[in-house]
């Protein structure tokens, strides 16, 4: 028995590498996943440039342990062997077409001798295609689910369903069989010549030629015009050859009669076989091209009928050939025609709107748009978003990461940033941004150069010329009043983030390629990557601060001059917004030092104020972002605590999130988890160092939330952490309210939880009443016993001077209280009985008798009696305690 093997390989393309195969059992057998396989069917997978190659080595690993030798004979479509073999069969197919039609038209009837070259060629061709049928029974194929099937049974069923019968017709010797049956295989008669038409059945092998051209049609190695010319030429040659053989075959049936055949007048007997073929081919080509010199023409009716059919079919074939070639030629002129059409529309538009002065710039931009139609944006839009992201990241990630704005930004942010960007091209001398305008687009200069110009009233000062005589080497040599930005610079980032008017004019000096992103698209990405956006704002804020420092140190009159000595991109110049004094240049002269100094002082104050305003705006944005990010993270953290989402708690704390982060009411995740009884979340938060002592806006802490919501396990966990070692963690007013309410409601378990949490048992309310007062007044003996065991003071008095026993006596519960005290070890000696109790009891009983009974009563040690802490009790119906 052989090892059961997988029979189907599913196709999947991975972005990483071509990994190993994995097996998954299905209803029909096993499926082994390949990382990359071809996208075509078995007949069209050969050397296609756009089709992925089959990883044959990986698939062969599945069979290396097969015990049956025939299981190792599976051939895969992408293997080198089959690719070479398939090319060989295509060549044999083309040879078959020429050989079989030539033998029908020019060869004699009957069979040839075994040693005849025609017999040898015929045998070789049949052997080739017979062997191809054997290979096809072992050739894996792709099913309708794009799975590579390599089970022998499935391959056989698939091959027998269609292609087997076509190949069988192509290799069956029907002509030989008929000749053997009729016993005419040695005769060269008209009948045997007609029977030779059965050899045309072998032309079904031509399907491989069609498959070849279908594959090459999608190959980038062969240009479309070359493929069209080759395909049309091959079709014309095959069709003309077939017609030539047919014309000669018809003439042969008339014994080349000079009066009844077209070739009879040419003395065919004096021609060799090659001369006869060339002559016939000449007439076929002349007829095919519709030239028709008239030197040769059909004579008999069979020739005339075939000639008519031939010429009618020529019309169809010639129309296809001429149309396909015309389409390729016209397509090259189509772009020029569309450009001229748009140019005419542009001219009419400018003339109609009286903007002819802008026509040259618009024409230049239009020409640029047509020149870059094959650019990034047009090509990448044809691909899925993921592939577009990969290409853009590979092209532009490195320039982006080298900028100050993207310093330290995560890769995922840059990837999403690039995917949202549009690639735009601007022609030379195009005004990209105008001073005073508001732009919501951020530009990144990829290629080219742009000029940033200062306002006219700043550029015309003589002192500026002196100031611009040194500095950056990027200045235009003939004009020192502007600065040139080269590639890998951001443009308009300060106005983009602060939403302030543009403070300089940006004009392209060359054809510029830029990445452009709008404000809504950028903010959408910023919401998905809050950490990276915060880092970006910090980078911008740091650069503005550095620029302000440089400006203060240099004492230059204007910001553009300072920018010559600053690393901040020049597009962040801050200029005066006034152009009113642009014509007052004649009032300033180099010799007038007083006016020049006053001007410097004013402009320095203006630029400093503008820098402070920009810095303040960026800092406010940064603060707002940090606050919003913290609020969103806190909300997510608290929501995870309320849902017992330990994974999110662990993930956020491992990334450095503060476990004590609180909302606007100062509620922490530990409080929320304690309130909802999520033990795992409480333990995880304590492991990360959450502070259980924190209180919210209402004075509630984690322990109090656990007590109020009766979560005993959480109380135990908090006690193990020594949450509240003293009694001062809860105010007397809050502790008294909780204890009094529990005693009043006879809620023994809740009272037990409060005392276990080390709540002050002697806490008093606003009228100095203690929990023991309430227990004595209500006659709640169990609660009274629990309070006494917890250390309640029996000598305390309330605001009106009432003691515990006086409260018990007034409510008629004194006898029950004294019965408990008489049985308690707390009353073992008179020294342990409070004076207030004895004074109250002595009014009705003899003091000596009471003392003696207390001394002589047999008592059980407290440690041997069942504690009230262990009494089972269910929470009673709560009642509101009224102080």
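In this note's numbering, the protein residues as written are 38 to 920.
Every residue gets a Cβ at the ideal spot worked out from N, C-alpha and C, and that includes glycine.
Computed from a predicted model, the values in this text were never measured in an experiment.
### the segment 473 to 491 in contact with the segment 567 to 580 per 3-pair CB rule at 8 Å
no
### Enclosing beta strand (DSSP E) for residue 459 [first to last residue]
459 to 463
### Residues bridged to residue 699 (per DSSP)
705
### Message
To the nearest angstrom, how far is the alpha carbon of residue 692 from that of residue 526?
### Response
33 Å
#### Entry: C-alpha distance - residue 203 paired with residue 362, whole-angstrom precision
33 Å
### Burial state of residue 798, where buried means 16 or more other Cβ atoms lie within 10 Å
buried
### Task
State yes or no: is the beta carbon of residue 767 nearer than 8 Å to at least one beta carbon in chain C?
Included in the structure is just one protein chain, with no chain C present.
### Query
Can residue 157 and residue 236 be called in contact, C-beta distance under 8 Å?
no
### Task
Quick one: residues in its chain with C-beta nearer than 7 Å to the C-beta of residue 379, no 5 flanking neighbours on either side, listed in chain order?
403
### Query
Rounded to a whole number of angstroms, what is the C-alpha to C-alpha distance between residue 162 and residue 128?
11 Å
### Query
Where do the N-terminal and C-terminal ends of the beta strand (DSSP E) with residue 694 fall, by residue?
Taken as a continuous stretch (DSSP letters only), residue 694 belongs to no beta strand (DSSP E), as it is neither H nor E.
### Task
Measure the beta-carbon distance from residue 177 to residue 111 and round it to whole angstroms, keeping in mind my assumption that it falls under 8 Å.
6 Å
### Query
So what does residue 801 bridge to, in DSSP terms?
In DSSP, residue 801 forms no bridge with anything.
### Message
On the criterion of 16 or more Cβ atoms from any shown chain inside 10 Å, does residue 377 qualify as buried, or is it exposed?
### Response
exposed
### Task
Would you mind giving the Cβ-Cβ distance between residue 788 and residue 779, rounded to the nearest angstrom? I have them listed as a contact below 8 Å.
4 Å
### Task
Alpha carbon to alpha carbon, how far is residue 286 from residue 315? Give it in angstroms, no decimals.
14 Å
### Task
Give a single yes or no on whether residue 272 has its beta carbon closer than 7 Å to a heavy atom of the ligand SAM.
No copy of the ligand SAM appears in this structure; indeed no ligand is present at all.
#### Entry: Candidates 563, 532, 457: closest to residue 552 by CA position
457
### Task
Verify whether the separation of the beta carbon atoms of residue 802 and residue 777 is less than 8 Å.
yes
### Task
Return the bridge partner residues of residue 756 from the DSSP annotation.
Answer by DSSP bridge pairing: none, since residue 756 is not bridged.
### Task
Could you say which of 533, 546, 537, 447 lies nearest to residue 485 if we only look at CA atoms?
546
### Query
Per DSSP, residue 522 forms a beta bridge with which residues?
487
### Bridge partners - residue 130, DSSP secondary structure assignment
DSSP output for residue 130 lists no bridge partner at all.
#### Entry: DSSP state of residue 243 mapped onto helix, strand, coil
helix
#### Entry: Whether residue 548 touches residue 464 by CB criterion (8 Å)
yes
#### Entry: Inter-stretch contact (C-beta, 8 Å, three-pair minimum) for the segment 323 to 343 and the segment 165 to 177
no
### Task
Can you say whether residue 197 is buried or exposed, counting buried as having 16 or more other CB atoms within 10 angstroms of its CB?
exposed
### Task
Look at the alpha carbon of residue 749 and the alpha carbon of residue 440, and state the distance between them as a whole number of angstroms.
57 Å
### Message
Tell me the rounded alpha-carbon separation between residue 483 and residue 573.
### Response
20 Å
### Counted within 10 angstroms of its Cβ, other Cβ atoms place residue 93 as buried (16 or more) or exposed
Low confidence applies here, because residue 93 scores a pLDDT of 44, under 50, leaving its location unreliable; read the following figure in that light. Flag for residue 93 reads buried.
### First through last residue of the beta strand (DSSP E) which encompasses residue 184
184 to 186
### Task
Please say whether residue 434 and residue 455 have beta carbons closer to each other than 8 Å?
yes
### Query
What's the C-alpha gap between residue 382 and residue 370?
19 Å
### Query
CA-CA distance, residue 575 and residue 425?
29 Å
### Query
Quick one: is residue 298 buried, meaning 16 or more other Cβ sit within 10 Å of its Cβ, or exposed?
buried
### Query
Considering only residues of the segment 331 to 413, which uninterrupted beta strand (DSSP E) runs meet the minimum length of 3 residues and lie entirely inside it, listed in chain order?
none
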